Amino acid sequence: MDEPRNLTLVMDFYELTMSQCYFNQNKDLEVVFDLFYRKNPDDGGLCVLAGLEQVVEYVKNLHFSKGDIEYLASLGQFSPEFLEYLSTVRFTGDIDAIPEGTPVFPHEPLIRVRAKIIEAQLVETAILLALNHQTLIATKARRIVQAAEGRAVMEFGARRAHNFDAAIYGARAAYIAGCAGSATTYAGEKFQIPVLGTMAHSFIQSFPSEYDAFLYYAKTYPNACTLLIDTYSTLKSGIENAIKVAKDYLEPNGYRLKGVRIDSGDMAYLSKKVRARLDAAGMEDCAIVVSNSLDEYVIESLIRQQGAKIDAFGVGENLICSKNSPVFGGVYKMVAIKEDGRWIPKIKISDNVGKVTNPGVKDLYRIYDRETKMAIADLMTLQEETIDTKADLRIFHPMNRWKYKVIPGGTYDVRPLLVPVFKAGELVYDLPSLEAVRAYSKSELDTIWDEIKRFAFPQEYYVDLSEKLLDLKLRLLEQYR
Numbered sequence: 003m004d005e006p007r008n009l010t011l012v013m014d015f016y017e018l019t020m021s022q023c024y025f026n027q028n029k030d031l032e033v034v035f036d037l038f039y040r041k042n043p044d045d046g047g048l049c050v051l052a053g054l055e056q057v058v059e060y061v062k063n064l065h066f067s068k069g070d071i072e073y074l075a076s077l078g079q080f081s082p083e084f085l086e087y088l089s090t091v092r093f094t095g096d097i098d099a100i101p102e103g104t105p106v107f108p109h110e111p112l113i114r115v116r117a118k119i120i121e122a123q124l125v126e127t128a129i130l131l132a133l134n135h136q137t138l139i140a141t142k143a144r145r146i147v148q149a150a151e152g153r154a155v156m157e158f159g160a161r162r163a164h165n166f167d168a169a170i171y172g173a174r175a176a177y178i179a180g181c182a183g184s185a186t187t188y189a190g191e192k193f194q195i196p197v198l199g200t201m202a203h204s205f206i207q208s209f210p211s212e213y214d215a216f217l218y219y220a221k222t223y224p225n226a227c228t229l230l231i232d233t234y235s236t237l238k239s240g241i242e243n244a245i246k247v248a249k250d251y252l253e254p255n256g257y258r259l260k261g262v263r264i265d266s267g268d269m270a271y272l273s274k275k276v277r278a279r280l281d282a283a284g285m286e287d288c289a290i291v292v293s294n295s296l297d298e299y300v301i302e303s304l305i306r307q308q309g310a311k312i313d314a315f316g317v318g319e320n321l322i323c324s325k326n327s328p329v330f331g332g333v334y335k336m337v338a339i340k341e342d343g344r345w346i347p348k349i350k351i352s353d354n355v356g357k358v359t360n361p362g363v364k365d366l367y368r369i370y371d372r373e374t375k376m377a378i379a380d381l382m383t384l385q386e387e388t389i390d391t392k393a394d395l396r397i398f399h400p401m402n403r404w405k406y407k408v409i410p411g412g413t414y415d416v417r418p419l420l421v422p423v424f425k426a427g428e429l430v431y432d433l434p435s436l437e438a439v440r441a442y443s444k445s446e447l448d449t450i451w452d453e454i455k456r457f458a459f460p461q462e463y464y465v466d467l468s469e470k471l472l473d474l475k476l477r478l479l480e481q482y483r
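Each residue of the sequence shown is one higher than the one before, starting from 3 at the first, in my numbering.
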């Protein structure tokens with residue numbers, strides 16, 4: 003594995019200016035922050051959490067190098083005593099998080115940080131950055147994979163990504179959400195993601211003829227030959243030359259043409275014409291791959307409305323940049339501070355009801371129907387609360403006491419979603435392999451009803467509060483009003 007880069011200074015400058023004030027006032031104050039988001043991208047019904055492994059790498063490696071301290075000193079804003087403190091600071095707190103690959107929903111804590119106030123503040127930007135980016139891309143990839151209805155989706159977006167890390171970690175997130183592989187070779191090396199790709203139009207143009215290009219490629223990669231057939235004309239030359247190479251060279255030597263790729267034109271029309279010609283040539287096993295500005299809506303239309311004969315999709319910019327909804331709005335808010343050995347809940351109030359936070363040190367549970375094994379709701383409780391699955395469970399709307407649901411005792415099971423990752427600064431979580439995260443994500447998505455996963459006007463999933471937590475929230479709202 004690569005040596006970890008020292009990314010400690012990947013933080014907003016105000017993390018440092020605030021921290022110097024904390025240092026001068028009460029550097030040992032313990033606090034709790036929640037990381038959550040308020041709205042699903044693309045007006046969808048859920049998100050797929052990704053990026054926790056990179057959070058772990060950052061927190062483990064948190065330290066200010068000699069060069070970092072010299073740079074901060076050069077700014078003339080920090081005292082020698084504070085800089086000396088920074089030179090020795092490490093993360094010594096607790097972090098609990100929802101495992102990567104889990105379907106998640108607005109307003110619930112994805113990560114809970116309990117630490118001394120400076121440590122909790124310093125990690126804010128990097129934690130948000132890692133989760134905001136990869137969760138955004140995993141969520142978009144999940145939608146595209148769903149639209150493909152079992153057909154392979156390949157992530158082809160590196161050249162459109164927002165620089166190197168966006169391509170590499172975007173490929174990782176897309177793989178978690180079900181993409182078959184990536185064209186980004188570095189991601190293949192770093193994360194053992196299958197790498198995919200064949201040729202560009204320039205390869206074909208470099209030969210005297212399209213047939214010569216196809217023949218040379220087939221001789222070089224006879225076991226994995228997929229040919230790009232739209233450089234000149236998909237139907238007049240591309241498919242004909244592909245079939246001719248298959249008959250002239252591949253089949254006489256015991257090989258089969260694996261696939262053809264179409265990168266322009268009317269994908270539905272061309273795929274049906276190409277499929278007919280391949281089948282007529284006895285090449286029913288030759289796959290048709292398409293690329294070119296695809297997203298979940300285009301793919302759904304091609305398959306369901308137009309009857310396209312497509313076996314796999316290569317998706318680029320619309321996936322790697324989540325082009326339709328390019329920002330994931332994760333936020334990091336203080337919810338409690340410790341005074342005289344007791345946790346004092348904190349709340350942020352806004353005229354926008356959706357921005358009012360849920361106060362206090364909380365736990366998060368997913369409630370499953372015992373018979374169907376499907377998820378019913380997520381429930382936030384105060385940390386001291388326990389759930390007795392034999393008793394009726396009342397779960398409340400986050401702002402309204404009159405709006406609640408009763409789940410009869412004995413009909414449901416609960417699972418804690420927040421798991422310990424760091425305890426007293428030590429990593430206590432065994433990071434799963436990427437393949438394990440991918441398999442886990444698929445199994446968890448299977449517990450979410452299709453009505454919540456649909457693209458247009460999805461059913462809203464309940465993220466509710468216990469009665470005690472709602473009481474606390476309403477009491478604080480009244481107090482500060």
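Think of the CB as a built atom: it goes at the ideal place given N, C-alpha and C, for glycine as much as any other residue. Quick caveat, the model's predicted, so the values are computed rather than measured.
Pick from the options: whose alpha carbon is nearest that of residue i?
i      : options                           : result
Pro254 : Lys357, Gly356 and Ile245         : Ile245
Leu140 : Leu472, Phe15, Leu447 and Val61   : Sequence check: residue 140 is Ala here, not Leu. That would be Leu447, whose Cα lies nearest to the Cα of Ala140.
Leu433 : Ala117, Val106, Lys62 and Ile450  : Lys62
Gly172 : Met336, Ala143 and Ala226         : Ala143
Tyr299 : Gly427, Ser435, Ala150 and Val333 : Ala150
Thr222 : Tyr251, Leu198, Val197 and Lys238 : Tyr251
Tyr414 : Lys392, Arg344, Gly343 and Val358 : Lys392
Asp390 : Met401, Lys405, Trp404 and Tyr367 : Tyr367
Leu429 : Gln27, Ile97, Ala75 and Tyr24     : Ile97
According to the Cβ coordinates, are residue i and residue j closer than 8 Å?
i      : j      : result
Asp380 : Val465 : yes
Thr236 : Leu259 : no
Ile409 : Ile346 : no
Gly159 : Ile322 : yes
Leu51  : Val125 : no
Tyr39  : Phe330 : yes
Leu133 : Tyr463 : no
Phe84  : Gln22  : yes
Gln194 : Lys455 : no
Val423 : Ala154 : no
Phe216 : Val247 : yes
Met382 : Ser468 : yes
Thr186 : Thr228 : no
Tyr213 : Asn243 : yes
Ser443 : Asp44  : no
Met285 : Ala310 : no
Taking the beta carbon of residue i as the centre, do at least 16 other beta carbons fall within 10 Å, making it buried, or is it exposed?
i      : result
Val34  : buried
Met376 : exposed
Leu77  : exposed
Ala278 : exposed
His135 : buried
Phe166 : exposed
Thr137 : buried
Ala163 : buried
Gly95  : buried
Asn42  : buried
Ser352 : exposed
Tyr16  : exposed
Gly240 : buried
Asp452 : exposed
Thr233 : buried
Asp342 : exposed
Gln481 : exposed
Can residue i be considered in contact with the ligand COA, in the sense that its beta carbon sits closer than 7 Å to one or more heavy atoms?
i      : result
Ile231 : Absent from the structure shown: the ligand COA. Ligands present: none.
To the nearest angstrom, report how far apart residue i and residue j are at their CA atoms.
i      : j      : result
Thr104 : Thr388 : 23 Å
Arg440 : Gly183 : 12 Å
Cys288 : Met156 : 17 Å
Met3   : Glu55  : Low local confidence applies: a pLDDT of 46 at Met3 is under 50, so the model's placement there is unreliable, and no value is given.
Leu130 : Leu37  : 8 Å
Ala202 : Leu112 : 41 Å
Val416 : Asp371 : 9 Å
Tyr60  : Asp70  : 16 Å
His399 : Val358 : 13 Å
Val421 : Glu102 : 11 Å
Gly152 : Lys348 : 46 Å
Tyr87  : Asn8   : 18 Å
Tyr73  : Ser81  : 13 Å
(request) Decide if the stretch 80 to 96 is in contact with the stretch 157 to 172; the criterion is three or more beta carbon pairs, one per stretch, under 8 Å apart. (result) In this structure the stretch 80 to 96 does not lie against the stretch 157 to 172, because fewer than three pairs of beta carbons, one per stretch, are closer than 8 Å.
(request) Assess, as a yes-or-no matter, whether the stretch 471 to 478 is touched by the stretch 357 to 375 under the definition of 3 or more beta carbon pairs within less than 8 Å. (result) Yes, the stretch 357 to 375 touches the stretch 471 to 478.
(request) Check whether the stretch 111 to 126 touches the stretch 25 to 34, taking contact to mean three or more Cβ pairs, one atom from each stretch, closer than 8 Å. (result) In short, these stretches touch, since the Cβ pair count reaches three.
(message) Count Cβ pairs between the stretch 294 to 308 and the stretch 334 to 346 that sit closer than 8 Å; are there 3 or more?
(response) Judged by pairs of C-beta atoms under 8 Å, the stretch 294 to 308 does not touch the stretch 334 to 346, as fewer than three such pairs exist.
(message) Would you call the stretch 289 to 298 in contact with the stretch 263 to 272, where contact means no fewer than 3 C-beta pairs closer than 8 Å?
(response) These segments touch.
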